[in-house]
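Q:
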Amino acid sequence: MLELLEPIAIFTHVARAGSFSAAARRLGISKSKVSTQVADLEHKLGVQLIQRTTRSLCLTEAGNLLYTQGEELLRGADQAVASVHNLNDATRGVLKLGISQSFGTAHIIPALPEFMARHPELELQVSLLDHKVDVVSEGLDLLLTMSEQLPLGMVARPLMKCQFMLLASPAYIAAHGKLTRPEQLVEHNCLVYHGEWHEHSVWQFKKGDDYCEIGVNGNFRVDNAPALKSAAVSGLGIVYLATYLLENEIEEGKLVPLLPEWHLVNHLPLQAVYPRRKHLAPKVSAFIDFIKNHIGTPPKWDEKYGDIFAKRQ
228 MLELLEPIAI FTHVARAGSF SAAARRLGIS KSKVSTQVAD LEHKLGVQLI QRTTRSLCLT
288 EAGNLLYTQG EELLRGADQA VASVHNLNDA TRGVLKLGIS QSFGTAHIIP ALPEFMARHP
348 ELELQVSLLD HKVDVVSEGL DLLLTMSEQL PLGMVARPLM KCQFMLLASP AYIAAHGKLT
408 RPEQLVEHNC LVYHGEWHEH SVWQFKKGDD YCEIGVNGNF RVDNAPALKS AAVSGLGIVY
468 LATYLLENEI EEGKLVPLLP EWHLVNHLPL QAVYPRRKHL APKVSAFIDF IKNHIGTPPK
528 WDEKYGDIFA KRQ
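Take any residue in the sequence shown, note its place counting from 1, add 227, and you have its number in this note's numbering.
1) What's the gap between the Cα of K405 and the Cα of R252?
2) Quick one: residues in its chain with C-beta nearer than 6 Å to the C-beta of I535, no 5 flanking neighbours on either side, listed in chain order?
3) Could you name each continuous alpha helix (DSSP H) segment of 4 residues or more that falls completely within the region 467 to 539, going from the start of the chain to the end?
4) Is the distance from the Cβ of Y501 to the Cβ of V511 below 8 Å?
5) Between the beta-carbon of L369 and the beta-carbon of A499, is there less than 8 Å?
6) Hey, quick one: how far does the alpha helix (DSSP H) through R460 stretch, first residue to last?
7) Work out the CA separation of V241 and G297 for me, nearest whole Å.
8) Would H346 and A513 qualify as a contact pair, given that the criterion is a beta-carbon distance under 8 Å?
9) Taking C-beta to C-beta, are C417 and I465 nearer than 8 Å?
10) Whole angstroms is fine: what's the gap from K433's alpha carbon to F342's?
11) Could you give the first and the last residue of the continuous beta strand (DSSP E) run that contains M392?
12) Taking buried to mean at least 16 other C-beta atoms within 10 Å of its own C-beta, is Q275 buried or exposed?
13) Pull up the CB-CB distance for K481 and L468, whole angstroms please, since I reckon it's below 8 Å.
14) Skipping 5 residues on each side, what residues in its chain have a beta carbon closer than 7 Å to that of F330?
15) So, are the CB atoms of V353 and L371 less than 8 Å apart?
16) Taking the alpha helix (DSSP H) that P340 belongs to, which residues open and close that run?
17) Let's see if you can read the secondary structure: which residues bound the alpha helix (DSSP H) around S257?
18) State buried or exposed for Y438, treating a residue as buried only when at least 16 other CB atoms are found within 10 Å of its CB.
19) CB S396 to CB G462, shorter than 8 Å?
20) Starting from Y399, follow its DSSP beta bridges and name the residues at the other end.
21) Could you tell me the distance, in whole angstroms, from the CA atom of D529 to the CA atom of A537?
22) Beta carbon of I515, beta carbon of R384: below 8 Å?
23) Just checking my contact of L246 with L284 at CB under 8 Å: how many whole Å lie between their CB atoms?
24) Just to confirm my understanding: we take S428, look at its own chain, exclude 5 residues before and 5 after, and list those with CB closer than 7 Å. What are they?
25) Below 8 Å on the Cβ atoms is my contact criterion, and I expect L300 with K271 to pass it. Report the Cβ-Cβ distance as a whole number of Å.
26) Could you check what DSSP says for H415 in three-state terms: helix, strand or coil?
27) Grab the span of the beta strand (DSSP E) containing V321 for me, first residue to last.
28) At the level of alpha carbons, what is the spacing between H403 and T280?
This is how it looks when you write it as structure tokens:
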């Protein structure tokens with residue numbers, strides 16, 4: 228049985244990565260060794276685990292079964308290591324992070340030098356992501372994501388809730404007029420986030436007991452939130468924007484808040500997502516605690532908008 232542990236682990240990485248080459252890179256071994264180990268495993272078990280073609284591979288029924296068990300095996304090994312590390316609160320090794328691209332670029336990457344200075348034995352591998360992420364298949368220890376939809380087997384720890392503002396440039400307002408109610412948005416050019424998995428074209432507003440959802444339209448859709456901000460600054464239209472994307476555009480007069488007395492209702496939390504385990508690795512726990520403290524409550528970038536938020540009813 229012991230001689231099967233290594234090939235099962237290698238096979239599991241192949242199934243995760245979807246290719247022999249990607250698995251070899253993640254494991255730091257040659258592609259030929261990966262291929263040989265999987266072939267030997269199939270021979271010893273007497274079953275075919277992988278259907279191979281020139282372009283891709285897919286798991287057989289036996290392969291899917293072994294992959295599920297292999298993931299359990301690797302998680303158990305991770306938990307065993309984490310348990311030992313927890314004895315002395317060690318924070319070392321490699322921490323593989325996936326971070327929502329626009330938020331990570333603006334607020335996480337600049338904070339990493341401080342975290343690494345606190346944990347000099349830790350190595351960070353960071354992926355800035357703007358697509359639907361499978362934490363396990365991408366080999367991540369931790370994902371910071373702006374999503375409420377989580378895969379099975381994941382734990383999510385909320386870090387913050389995003390605030391939003393409705394904004395336009397002074398030039399756009401001069402040409403098209405200010406809004407007095409959300410319903411007027413149907414008469415305006417609205418800038419829409421349009422990603423692979425989501426289009427934010429229904430904007431939600433609340434004031435006291437008054438709630439409305441407005442289906443908006445415009446001539447500009449993009450899958451990058453900072454690009455929406457740039458388009459609004461250039462006068463292209465009205466944008467429904469997360470405040471973490473703002474720098475000094477309001478203070479410098481490049482963007483003007485609209486409908487300040489209305490709450491913009493968009494449930495977009497930042498969450499720390501990781502596989503469900505009995506023992507959370509100290510490196511993961513340390514990073515989550517650091518980032519939560521770094522963001523603050525409320526988030527530090529929202530502090531200067533206190534007067535604007537105070538107008539909301």
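All C-beta atoms, glycine included, are put in the ideal place defined by N, C-alpha and C.
It should be emphasised that the depicted structure is a prediction, and the values quoted were computed from it without experimental measurement.
A: Taking the coordinates as given:
1) Going from the Cα of K405 to the Cα of R252 covers about 55 Å.
2) The residues are P484 and P487.
3) Listed in chain order, the complete alpha helix (DSSP H) runs (minimum 4 residues) inside the region 467 to 539 are 509 to 522 and 533 to 537.
4) Yes, they are a contact pair.
5) Judged by their CB atoms, L369 and A499 are nearer to each other than the 8 Å cut-off.
6) The sequence as given places Val at residue 460; Arg does not occur at that position. That run of the alpha helix (DSSP H) goes A452 to V460.
7) Cα to Cα, the separation comes out at about 11 Å.
8) H346 places its beta carbon less than 8 Å from that of A513.
9) Contact: yes.
10) The alpha-carbon atoms of K433 and F342 are separated by roughly 39 Å.
11) Run containing M392: F391 to A395, per the beta strand (DSSP E) assignment.
12) With fewer than 16 Cβ atoms within 10 Å of its Cβ, Q275 is classed as exposed.
13) Their Cβ separation, rounded to whole angstroms, is 12 Å, which puts K481 and L468 out of contact at 8 Å.
14) Once the five neighbours on either side are set aside, the close Cβ partners of F330 are M373, Y471 and L497.
15) At a Cβ-Cβ threshold of 8 Å, V353 and L371 do not count as neighbours.
16) First-last of the alpha helix (DSSP H) with P340: L339 to R345.
17) Where S257 is concerned, there is no enclosing alpha helix (DSSP H), given that its DSSP letter is neither H nor E.
18) The Cβ neighbour count for Y438, taken over all protein chains shown within 10 Å, is under 16; the residue is labelled exposed.
19) Taking 8 Å as the Cβ cut-off, S396 and G462 qualify as a contacting pair.
20) DSSP output for Y399 lists no bridge partner at all.
21) Roughly 12 Å between the two C-alpha positions.
22) Yes; because the gap between Cβ atoms is below 8 Å, this pair is in contact.
23) According to the sequence as given, residue 246 is Ser; it is not Leu. The distance from the Cβ of S246 to that of L284 is about 7 Å, consistent with a contact at the 8 Å cut-off.
24) Closer than 7 Å at the Cβ level, and outside the excluded window around S428, lie V419, G442 and V443.
25) For a cut-off of 8 Å, the C-beta gap from L300 to K271 is around 16 Å, too long to register as a contact.
26) In the structure shown, H415 sits in coil (DSSP, three-state: anything other than H, G, I, E or B).
27) For V321, the enclosing beta strand (DSSP E) stretches over residues G320 to S327.
28) Rounded to the nearest angstrom, the two C-alpha atoms are 58 Å apart.
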